[in-house]
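When we follow the UniProt record's numbering, the leftmost residue of the sequence shown carries the number 1, and every step to the right adds one.
For every residue, glycine included, the Cβ atom is placed at its ideal position computed from N, Cα and C.
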Amino acid sequence: MVLRGYVPTSEETLQTLAALRLQSLNSDFSTHAPFPRLEELFPPHVLHARLPPPRRQAPTKCRGARLRAGLLAGGLWGQALAKQRAERDQRLRGRLREEGASTMAAIVEKWKLLQGMGRPEAMAAYVALVREWPGFGSTLFDVDLRAVRPRWGRGGGQPWRRAALTPLSLQSPVGAGPQRLWLGIGAKAVSLYKPGEPEPLDSFCYGRISSFGASDSSTFRLSVEDRDLLFETSQVDEIAQLLNTYLASAGARRPPQPQEPATSPPTALPQELCPVAGPWQHRPPVGSFHS
Numbered sequence: 001m002v003l004r005g006y007v008p009t010s011e012e013t014l015q016t017l018a019a020l021r022l023q024s025l026n027s028d029f030s031t032h033a034p035f036p037r038l039e040e041l042f043p044p045h046v047l048h049a050r051l052p053p054p055r056r057q058a059p060t061k062c063r064g065a066r067l068r069a070g071l072l073a074g075g076l077w078g079q080a081l082a083k084q085r086a087e088r089d090q091r092l093r094g095r096l097r098e099e100g101a102s103t104m105a106a107i108v109e110k111w112k113l114l115q116g117m118g119r120p121e122a123m124a125a126y127v128a129l130v131r132e133w134p135g136f137g138s139t140l141f142d143v144d145l146r147a148v149r150p151r152w153g154r155g156g157g158q159p160w161r162r163a164a165l166t167p168l169s170l171q172s173p174v175g176a177g178p179q180r181l182w183l184g185i186g187a188k189a190v191s192l193y194k195p196g197e198p199e200p201l202d203s204f205c206y207g208r209i210s211s212f213g214a215s216d217s218s219t220f221r222l223s224v225e226d227r228d229l230l231f232e233t234s235q236v237d238e239i240a241q242l243l244n245t246y247l248a249s250a251g252a253r254r255p256p257q258p259q260e261p262a263t264s265p266p267t268a269l270p271q272e273l274c275p276v277a278g279p280w281q282h283r284p285p286v287g288s289f290h291s
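Printed below as a string of structure tokens:
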């Protein structure tokens with residue numbers, strides 16, 4: 001979960017988590033201790049995010065200029081461009097190695113501070129840090145929010161509209177393009193996160209969910225009060241199975257089957273199944289685990 005980038009937190013905390021992992025694997029720091037690869041300790045995407053984005057060439061508007069550029073690309077000019085790309089890729093790989101070495105050095109320094117910490121203590125500290133994120137315990141799925149449609153009478157016959165990346169309350173506007181999100185399914189609520197953000201855009205306790213199901217093999221529909229949310233995902237079956245499991249364990253009313261149209265508004269679950277989450281206040285990890 002951490003290495004895949006599903007725990008949104010600071011680089012400082014990610015380095016501390018890596019140091020705790022080393023302490024649990026190897027005990028105290030030693031130059032003779034085996035070192036895992038950096039990608040086994042630290043999320044690779046964080047290092048890649050430090051690299052400068054590739055420069056985009058402005059499109060050529062004139063048809064004649066485009067034709068000349070195409071002819072040149074097949075000759076000496078094309079070879080020169082290929083050489084430039086190879087040199088650029090080599091520079092980026094060198095920059096990535098430098099960033100990796102710098103990150104590993106920072107992790108090792110934090111590992112040295114954990115001297116004397118036992119393996120169970122290091123594992124407990126690791127879990128305690130990860131648990132500070134409010135979404136801990138949820139299963140996260142990468143989804144594209146494709147569209148939102150009103151329902152319960154007001155949306156009858158209305159077309160799907162592309163969804164805006166705003167908190168998805170009933171008053172939220174719609175109209176932007178598809179948005180990449182994390183769909184977090186937990187024991188008491190379903191939450192939508194912007195990737196990398198610690199706070200959810202919106203959370204729906206199971207009392208607000210009236211139905212859900214697969215529209216096709218890659219499209220999942222979630223009906224929340226008077227709004228239908230349409231997601232594109234490769235994990236439709238996994239999402240549906242997990243929702244069914246949590247609904248059954250929570251004693252919630254089983255939603256209609258996907259092919260059955262919902263005919264009445266959802267009934268509310270007891271208040272204890274609809275917790276109100278406060279803002280995430282992360283405690284600084286530096287020195288927290290050194291006794």
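**Item:** Identified DSSP bridge partners for SER211
**Value:** Answer by DSSP bridge pairing, in chain order: SER223.
**Request:** Pick out whichever of PHE220, HIS45, ASN26, LEU22 has its Cα sitting closest to the Cα of residue 308.
**Result:** With the chain running from 1 to 291 in the structure shown, residue 308 is simply not present.
**Request:** Give me the Cβ distance between VAL143 and THR233, rounded to the nearest whole Å; I'm assuming they're in contact under 8 Å.
**Result:** Contact check for VAL143 and THR233: beta-carbon distance about 4 Å, within the 8 Å limit, so the pair qualifies.
**Prompt:** Using 8 Å as the Cβ pair cut-off and three pairs as the minimum, do the region 216 to 229 and the region 125 to 135 touch?
**Reply:** Not touching, per the Cβ criterion.
**Request:** Whole angstroms is fine: what's the gap from ARG50's alpha carbon to GLU98's?
**Result:** One alpha carbon belongs to ARG50, the other to GLU98, and they sit about 11 Å apart.
**Residues bridged to PHE42 [DSSP beta-bridge criterion]** = For PHE42, which the question treats as bridged, DSSP gives no partner whatsoever.
**Request:** Could you spell out where the alpha helix (DSSP H) holding THR16 opens and where it closes?
**Result:** Looking at the DSSP string, the run of the alpha helix (DSSP H) that includes THR16 is 11 to 26.
**Message:** Would LEU229 and LEU113 qualify as a contact pair, given that the criterion is a beta-carbon distance under 8 Å?
**Reply:** Contact: no.
**Asked** Using 8 Å as the Cβ pair cut-off and three pairs as the minimum, do the region 1 to 11 and the region 79 to 96 touch?
**Response** A contact between stretches requires three or more CB pairs, one per stretch, nearer than 8 Å, and the region 1 to 11 fails this requirement with the region 79 to 96.
**Request:** Please confirm whether residue 299 and ILE185 have their CB atoms less than 8 Å apart.
**Result:** An answer regarding residue 299 cannot be provided, because it is not within the stretch 1 to 291 covered by the chain.
**Request:** With a cut-off of 8 Å on the beta carbons, I'd call THR9 and LYS110 a contact; round off their distance for me.
**Result:** Not quite, the Cβ-Cβ distance comes to about 14 Å (not below 8 Å), so this is no contact.
**Prompt:** When DSSP labels each residue in this structure, what does ALA240 get in the three-state scheme?
**Reply:** In the structure shown, ALA240 sits in a helix (DSSP, three-state: H, G or I).
**Item:** Coarse secondary structure for GLN115, derived from DSSP in three states
**Value:** GLN115 falls in the coil class under three-state DSSP.
**Best match in ALA147, PRO134, THR245 for proximity to TYR193 [C-alpha to C-alpha]** = Of the listed residues, the one whose Cα sits closest to TYR193 is PRO134.
**Request:** Sort GLN235, SER210, LEU25 by Cα distance to GLN115 and report the nearest one.
**Result:** The option with the nearest alpha carbon to GLN115 is LEU25.
**Request:** Quickly, what does DSSP pair ASP142 with across the bridge? List them, please.
**Result:** DSSP lists TRP182 as partners of ASP142.
**Message:** Taking its Cβ as the centre, do 16 or more other Cβ atoms sit within 10 Å of GLY118, making it buried, or is it exposed?
**Reply:** Exposed, by the Cβ-count rule.
**Request:** Have a look at VAL7 and ASP89 and give me their C-alpha separation to the nearest angstrom.
**Result:** One C-alpha to the other measures close to 29 Å.
**Item:** Where residue 298 falls: helix, strand or coil (DSSP)
**Value:** Nothing about residue 298 can be read from this structure; the chain reaches only from 1 to 291.
**Asked** Between which two residues does the beta strand (DSSP E) containing LEU3 stretch?
**Response** Counting along the chain, LEU3 falls outside any beta strand (DSSP E), and DSSP gives it neither H nor E.
**Three-state class that DSSP yields for VAL276 in the structure shown** = Low per-residue confidence applies at VAL276: pLDDT is 41, beneath 50, and the placement is therefore not dependable, though the value from the model is reported in the following sentence. It is coil, neither helix nor strand.
**Request:** Using the Cα positions of SER215 and ILE239, report the straight-line distance between them to the nearest angstrom.
**Result:** Here the alpha carbons of ILE239 and SER215 stand approximately 13 Å from one another.
**Request:** Pull up the CB-CB distance for ILE107 and PHE29, whole angstroms please, since I reckon it's below 8 Å.
**Result:** Not quite, the Cβ-Cβ distance comes to about 11 Å (not below 8 Å), so this is no contact.
**Message:** If you follow the beta strand (DSSP E) that PHE204 is in, where does it begin and where does it stop?
**Reply:** Note, PHE204: beta strand (DSSP E), 202 to 205.
**Prompt:** Between the C-alpha atoms of GLN235 and PHE141, what's the straight-line distance to the nearest angstrom?
**Reply:** Going from the Cα of GLN235 to the Cα of PHE141 covers about 8 Å.
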